[in-house]
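Enquirer: Below is one structure. I have some questions about it.
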Amino acid sequence: MAIFQAVYNILWGDLITIPLPGGSSLGISLLVLILIPAGLYFTVRTRFLPFRLFPEMIKVTVENNRKIESEEREGISGVQALIVSTACRVGMGNLVGVVAAISAGGAGAVFWMWVIALVGSSTAFIEATLAQLYKEKDPLYGGYRGGPAYYIHSFMNERRAKRKGSAAGSRKSVLAVLFAISGLICWCGISQVISNSISSSFENAFHVPPIYSTIVLVVIAAVIVLRKNATVKVLDIMVPIMAACYFFITLFIIVKNAGQLPDVFGRIFAEAFGFRQVVAGGIGAVIMNGAKRGLFSNEAGSGSAPCAAAAADISHPAKEGLLQALGVFIDTLLICTCSAMIMLLTPEAMTKGLEGMDLLQTAMQYHLGEFGVIFIAVILWLFSFSTFLGILFYARPNVAYLFGDNWISQTLYKVLALIMLFIGGLAAYQFVWDLGDVGVGLMTVFNMIALIPLAPKALAALRDYEQNVMEKSKK
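Going by the working numbering, the letters in the sequence shown line up with residues 116 to 590, in that order.
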């Protein structure tokens, strides 16, 4: 436990503390120290891709969506891979996590979430494009598979071959093995957190005992994940519906309170840079809570989304990179902002002293009455359940990398995740929550070790796409 706590503190604790005016300080964790500079580097190297190629992201999404049924393909489409990764990104962190960030850092945290989304989308492009470049055939599920374990494996073997002056071998890479193990640990921990959040929200909204909501959750999950290729089909239907419902309900709340919007946006920008926050010693909390929420919500750099991106059968690697970059915008600029608006349009007196689901449900009750409480419980169930399905899709290539192509190891991991789902619904174990945090932190570190030196290959794919695909389409 002492070793585990030490690793947790290194990853998530304040590695560097910068003193600020007014007695405040800016504590920077190792992950923030890695991800933000890397994101800025990728943004510059892609020539500010989030701004320059945003219309192309939309165009690629529309084109791929039209072709899902009209073309023969091996595996899933680019848009289906985007839906899987969106299912994982758009989870309870977009609800409870955003509320926690604003509670701790104030309205200004929202601005820093937006900034991190713009930076993170370039990182998402690089890792998704690499996943496409290094993908391989999947003999068990059909189609393709890949992700960081696979491009790390190739990268380390290529380096080993250069040192020894021989052809690259097929020996497993220690770094790739560590990434795969970290991912499987993280996703098991998340399974527990998911069910605990669902059972708590249903108990608050409907007074349903946790045992009943948990059993129903586990049974439905088992029926889907234990079938060979049911996950993507379910997410294809679930994710667009749940995201659209949440967006339009939030849009209704925003329109209903349109008169307050100038004040809300004024608070966001004023508290992001505000003199009051500096003097009060809180500017560090504003910046870091927004930055951390943005990084952890959009998952750019953690290596999760590339596990879905690699499965896409798409005409050019850079297209999947653009789709996954758009996924970061959907997660942070759209869904996280929706949650922020729900809270910031609620009188502060009503939410004072509350946190987590209690705070969010109180805010929704203010806007929509009892329907709001029920709606947020149902939407949390959909967000969390889709995340569980998505992380088991992510687990497939990593289980295969560690244990080979066999149904026994694939099924055993699914059963383990279902057990964790059941346990989490009945009780919250802080150790397991921290286990998930440590897992995703280690994934990020191992992923970034290979991502930066491999970035030139993704950048070459981007140049090829712009010169040979975009230019030709203009003619």
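Just so you know, even glycine gets a beta-carbon here, dropped at the ideal spot from N, CA and C. Every value quoted in this text rests on a predicted model; they were computed, and no experiment measured them.
Quick one: measure Cβ to Cβ for T365 and I457, integer angstroms, because I've assumed they're closer than 8 angstroms.
Expert: Yes, T365 and I457 are in contact; Cβ-Cβ is about 6 angstroms, under 8 angstroms.
Enquirer: Return no unless some Cβ of chain C is closer than 8 angstroms to the Cβ of Y509.
Expert: Among the chains in the structure shown there is no chain C, since it carries only a single protein chain.
Enquirer: Quick check: the Cα distance between A565 and A387, rounded to an integer number of angstroms?
Expert: Using only the alpha carbons, I get a separation of about 33 angstroms.
Enquirer: Under the three-state reduction of DSSP, which class applies to V394: helix, strand or coil?
Expert: Residue placement at V394 is poorly supported in this model, since its pLDDT is 43, which falls under 50; the coordinates are not used for a value here.
Enquirer: Using only the alpha-carbon positions, how far apart do C301 and V555 sit?
Expert: In a straight line, the C-alpha of C301 is about 6 angstroms away from that of V555.
Enquirer: Can you have a look at N124 and say buried or exposed, based on whether 16 or more other CB atoms are within 10 angstroms of its CB?
Expert: Exposed.
Enquirer: At which residue ranges does the segment 213 to 259 contain complete alpha helix (DSSP H) runs of 4 or more residues, listed in the order of the chain?
Expert: Those alpha helix (DSSP H) runs which fall completely within the segment 213 to 259 and span 4+ residues are 223 to 248.
Enquirer: Would you identify the three-state DSSP class for I429, choosing helix, strand or coil?
Expert: Coil.
Enquirer: For I191, write down the residues that DSSP places opposite it in a beta bridge.
Expert: In DSSP, I191 forms a bridge with A427.
Enquirer: Residues in its own chain within less than 7 angstroms of A426 by CB, not counting five upstream and five downstream?
Expert: Closer than 7 angstroms at Cβ, skipping near neighbours: G190, I191, A196, G258, Y259, R260.
Enquirer: Would L536 pass as a contact of L299 if the rule is Cβ separation under 8 angstroms?
Expert: Cβ atoms of L536 and L299: not closer than 8 angstroms.
Enquirer: Using 8 angstroms for Cβ pairs, my map puts A478 next to T461. What's the rounded Cβ distance?
Expert: That belief holds up - the Cβ atoms of A478 and T461 are roughly 4 angstroms apart, short of 8 angstroms.
Enquirer: Could you tell me the alpha carbon to alpha carbon distance between E485 and A320, rounded to whole angstroms?
Expert: Whole-angstrom Cα-Cα distance: 9 angstroms.
Enquirer: Could you have a look at P165 and say whether DSSP puts it in helix, strand or coil?
Expert: Helix, per DSSP.
Enquirer: With distances taken Cα to Cα, identify the nearest neighbour of S422 among I339, L248, E463, M116.
Expert: Rather than Ser, the amino acid found at residue 422 in this sequence is Cys. The option with the nearest alpha carbon to C422 is L248.
Enquirer: Taking a contact to mean a Cβ-Cβ separation below 8 angstroms, would you say S218 touches L495 in this structure?
Expert: No, the pair does not count as a contact, with Cβ atoms beyond the cut-off.
Enquirer: Mind checking Q582: buried by the 16 CB within 10 Å criterion, or exposed?
Expert: Label assigned to Q582: exposed.
Enquirer: May I have the straight-line CA-CA distance separating F119 from K587, to the nearest angstrom?
Expert: If I take the Cα positions, the gap works out to 53 angstroms.
Enquirer: At what residue ranges does the segment 315 to 371 contain a whole run of the alpha helix (DSSP H), taking only runs of 4 or more?
Expert: As far as the segment 315 to 371 is concerned, its whole alpha helix (DSSP H) runs of at least 4 residues are 325 to 340, 345 to 371.
Enquirer: In this structure, does DSSP put S185 in helix, strand or coil?
Expert: Because the pLDDT at S185 is just 46, under 50, the model does not fix this residue reliably, and the point stays unresolved.
Enquirer: I'd like to know whether the C-beta atoms of L569 and Y266 end up nearer to each other than 8 angstroms.
Expert: Yes, Cβ-Cβ distance for L569 and Y266 is below 8 angstroms.
Enquirer: Going by DSSP, what residue range makes up the alpha helix (DSSP H) through I494?
Expert: I494 -> alpha helix (DSSP H) spans 485 to 518.
Enquirer: Taking the alpha carbon of V237 as the reference point, which residue from I231, T158, R162, P170 has its own alpha carbon closest?
Expert: Note on residue identity: the sequence assigns Ser, not Val, to residue 237. The shortest C-alpha separation from S237 is found at T158.
Enquirer: Who are the Cβ neighbours of L507 in its own chain at under 7 angstroms, not counting the five residues just before and after it?
Expert: Excluding positions up to five away in sequence, the list reads V340, T346, K529, A532.
Enquirer: Any idea what DSSP makes of K434, helix, strand or coil?
Expert: In this structure, K434 counts as helix in the three-state DSSP scheme.
Enquirer: Which whole-angstrom value is the C-beta distance of T329 and S314, which I expect to be below 8 angstroms?
Expert: Between S314 and T329 the Cβ distance is about 5 angstroms, and since that is below 8 angstroms, they are a contact.
Enquirer: Since S310 contacts G505 with CB under 8 angstroms, what's their CB separation in whole angstroms?
Expert: 15 angstroms between Cβ atoms; not a contact.
Enquirer: Whole angstroms are fine: how far does the CA of L574 sit from the CA of A246?
Expert: Those two C-alpha atoms are separated by around 13 angstroms.
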